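Using full-length UniProt numbering, read the sequence shown as starting at 1 and increasing by one per residue. From the three backbone atoms N, C-alpha and C, an ideal C-beta is built for every residue, glycine too. In this text, all values refer to a predicted model and were calculated from it rather than measured experimentally. See below for the structure under consideration.
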Amino acid sequence: MAVVSYPVCSDGCSHNRMALKPFSPEEAKRIVQVLQKPAVFLNMTTDWQALHWTAEHLSACLTEKIQFRIGKRSEDMTPQFETECSYIEATIKEFLSWTACDGEVATGPFHDYHSREYWAYADYKYIAQLFQDKPAMFQDVVWSDFGFPGRDGHESTLWVGTQGANTPCHLDSYGCNLIFQVQGRKRWHLFPPDDTACLYPTRIPYEESSVFSHINVLRPDIDKFPAFVRARAHTVILQPGQVLFVPRHWWHYVESVDPVTVSVNSWIEMDLDDEARIGEALTRTIVCALKSSPSQDNTDHWLNPTEDGVSSHEENIQYLNLAVKAFTNKRQDNAEIQSSPSDRSRAEMGLQDCNGQLKTFPDPSCTVPFGANLIPVHRTQNLDNNCSFMFTNSSHCQSGCKYEPSGDEDLYQRSSQKPGSLDTSVDSVGMQISTNDLLDFLVHPDVIALVSKLIVERQRELSS
């Protein structure tokens with residue numbers, strides 16, 4: 001057990017407060033750097049003041065209205081994206097009053113939404129903005145325990161929801177993720193990056209740094225998305241006090257299990273984010289260009305509410321060039337540091353992190369100390385007791401899901417090989433490609449990654 005000392009927290013406790021932790025900050029960071037699969041840390045937050053951040057406690061600290069996303073409890077087989085939800089402004093106190101109605105008609109901002117038919121979610125709330133007049137609360141979240149000095153609530157987001165509140169299945173383009181569960185339980189359904197083809201990625205609705213899935217994880221349409229049966233689900237129910245680590249590019253669908261849930265997360269930056277920003281800039285440029293063009297099938301709500309608005313093509317190209325320039329400059333700086341004799345020792349130890357502190361690269365051969373205080377998230381055979389299908393032992397992706405054409409698609413391929421055989425009628429065999437379908441192909445993560453590498457390679461040629 002590691003003995004760790006902490007600074008004063010918001011309730012005025014001593015600077016000399018000591019606590020027993022299963023891992024020291026250095027050990028925890030090494031684990032995070034080595035882990036390739038999700039895992040849950042236990043007994044790392046026993047003295048965090050943020051453990052008291054229940055919805056009731058937050059209602060007293062935060063009296064201003066915040067935005068809640070309202071979703072309908074549904075049995076549909078399609079995901080309920082944020083563009084399909086309603087939004088209201090309410091205080092956390094009003095939110096708690098609504099949850100206590102137990103099916104009765106509510107008053108106030110929630111009066112149009114029966115709690116048995118709808119769920120509510122205050123998601124993606126930046127703590128730095130929520131508590132800008134109470135900065136001492138930032139110290140209640142102690143990410144420095146995980147080896148990230150100076151990182152606290154200021155670099156975190158808050159999530160408050162009811163049972164059924166969920167985040168559609170997606171992957172985050174940047175960084176890795178640490179999630180601290182405060183109140184209630186949340187069920188996480190996670191899928192490895194190699195399962196991307198099984199999850200039918202889409203950038204509609206568009207949100208920078210989020211790649212959504214066409215799949216409703218709990219009620220998948222297997223006829224429409226057959227490859228999903230080969231996806232390798234890893235499921236865990238996160239309990240209060242626990243911290244979940246989600247590695248880079250792991251897909252996840254998250255749902256609240258209990259009547260009220262509160263969680264805090266922080267996205268940890270990674271060196272790979274520099275190249276990912278090129279891909280995101282490229283994606284934005286393509287999506288905005290196609291979705292801004294007048295078309296009969298471009299009448300949908302394609303921009304996620306989290307986005308400020310549609311940027312112009314000129315702005316997007318400028319953003320792309322800035323991303324390429326930043327990546328190129330950083331790569332050149334790293335090369336100079338590693339090649340400089342005077343900085344040889346620094347090169348051996350590693351480069352500086354985003355805080356300007358010297359970082360070390362973990363030995364990939366190091367074993368992860370799984371045990372009572374670090375639990376791996378294992379693969380599960382079925383997603384949920386209410387799920388409409390079961391995974392089979394023989395159905396899984398080894399290095400990604402292979403495309404297997406159906407009989408109809410095979411028929412179309414054979415007929416299209418004959419001269420003059422293309423049928424342009426509405427009833428012709430095969431899919432009618434819409435703008436959104438085209439975007440699913442053009443900005444598929446694999447395509448964007450390839451184009452990003454081509455841009456980087458060309459930039460390298462011009463710079464040499």
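Distance check between D274 and each of K453, Q67, Q181, I31 places K453 closest, using alpha-carbon atoms only. About 5 Å separates the beta carbons of V254 and T167, which is inside the 8 Å limit, making them a contact pair. S266 has L178 as its beta-bridge partners, per DSSP. Only residues of its own chain outside the window of five on either side were considered, and among them S173, Y174 have a CB closer than 7 Å to the CB of A276, listed in chain order. Apart from the 5 residues on each side of it in sequence, N436 sits with its Cβ closer than 6 Å to the Cβ of I204 in its chain, given in chain order. In the structure shown, the three-state DSSP call for Y118 is strand. Boundaries of the alpha helix (DSSP H) around R458: 445–463.
N316 sits close to A289, with the two beta carbons spaced by under 9 Å. The way I'd put it, the segment 128–135 doesn't touch the segment 207–227; fewer than three beta-carbon pairs between them come closer than 8 Å.
In the assembly as shown, K29 is a buried residue. Its beta-carbon has 16 or more other beta-carbons within 10 Å. Between Y200 and A227, the C-beta gap is smaller than 9 Å, which places the two residues in contact. Secondary structure in the segment 71–118: the beta strand (DSSP E) runs of 3 residues or longer, each lying completely within the stretch, are 86–90 in chain order. Going by DSSP, C366 is part of no alpha helix (DSSP H) at all; its letter is neither H nor E. V105 sits exposed, since fewer than 16 C-beta atoms from the chains shown fall within 10 Å of its C-beta. Nearest C-alpha to H301 among F245, L171, E82, Q163: E82. Distance check between T367 and each of P22, V34, K21, Y124 places V34 closest, using alpha-carbon atoms only.
No residue range can be given for D47, since it is assigned to no alpha helix (DSSP H) and is classified by DSSP as neither H nor E. According to the DSSP secondary-structure assignment, S210 is paired through a beta bridge with D172.
Excluding residues up to 5 positions away in sequence, N216, R219 lie with their Cβ nearer than 8 Å to the Cβ of D76 in the same chain. Contact between E26 and G147 holds, since their C-beta atoms are separated by about 6 Å, short of 8 Å. Under the Cβ criterion (8 Å, minimum of three pairs), the segment 230–244 counts as touching the segment 39–46. One Cα belongs to F95, the other to D194, and the distance between them is close to 39 Å. In this structure, P247 sits near K37, with a CB-CB distance shorter than 9 Å.
The Cβ-Cβ distance between Y126 and S156 falls below 9 Å. Beta-carbon to beta-carbon, F138 and H114 are separated by about 37 Å, too far to satisfy the 8 Å threshold.
Counting the other CB atoms within 10 Å of its CB gives Y87 a total below 16, which places it among the exposed residues. Straight through space, the alpha carbons of A233 and V40 are spaced by roughly 16 Å.
For the pair R116 and I92, the Cα-to-Cα distance works out to about 19 Å.
The three-state secondary structure of H154, taken from DSSP, is helix. About 5 Å separates the Cβ atoms of Q163 and P259, confirming a contact at the 8 Å cut-off.
Given a length threshold of 3 residues, each whole run of the beta strand (DSSP E) inside the segment 245–308 is given here in chain order: 251–256, 260–268.
Cβ-Cβ distances below 8 Å link L62 to T91, I92, L130, F131 in the same chain, with the five nearest sequence neighbours on each side left out; the list follows chain order. Non-local beta-carbon contacts of V451 in its own chain, meaning distances under 7 Å to residues more than five positions away in sequence, involve L282 in chain order. Separation of Q332 and V324 (C-alpha to C-alpha, rounded to the nearest whole angstrom) is 12 Å. For P220, there is no enclosing beta strand (DSSP E), as DSSP gives it neither H nor E.
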